[in-house]
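What the sequence shown shows, in the UniProt record's numbering, is residues 1 to 46, in sequence order. Here's the structure we're looking at; comments come further down.
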Amino acid sequence: MIQHGARTTETKPRLAKDEVDKLEREFQRNHKPNSSLKKQLAEEMR
Numbered sequence: 001m002i003q004h005g006a007r008t009t010e011t012k013p014r015l016a017k018d019e020v021d022k023l024e025r026e027f028q029r030n031h032k033p034n035s036s037l038k039k040q041l042a043e044e045m046r
């Protein structure tokens with residue numbers, strides 16, 4: 001967590017290179033993925 005004055009924000013983990021590659025490939029196939037596809041990709045990356 002990072003503190004900025006009185007508020008605290010969560011830090012986001014960075015993506016691994018293979019995860020970035022997978023997302024870029026998917027974006028090349030489908031520029032506007034729907035909610036279910038985004039959810040599926042997120043589940044696969046856990």
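Even for Gly, the Cβ is constructed at its ideal location relative to N, Cα and C. Predicted, not measured: the structure shown is a model, and the values here were computed from it.
CB of residue i within 8 Å of CB of residue j, strictly
i     : j     : result
LEU37 : LEU23 : no
Cα-Cα separation, residue i to residue j
i     : j     : result
GLN28 : GLU10 : 30 Å
GLU43 : GLU19 : 12 Å
LYS32 : ALA16 : 22 Å
SER35 : MET45 : 16 Å
GLU26 : ARG14 : 18 Å
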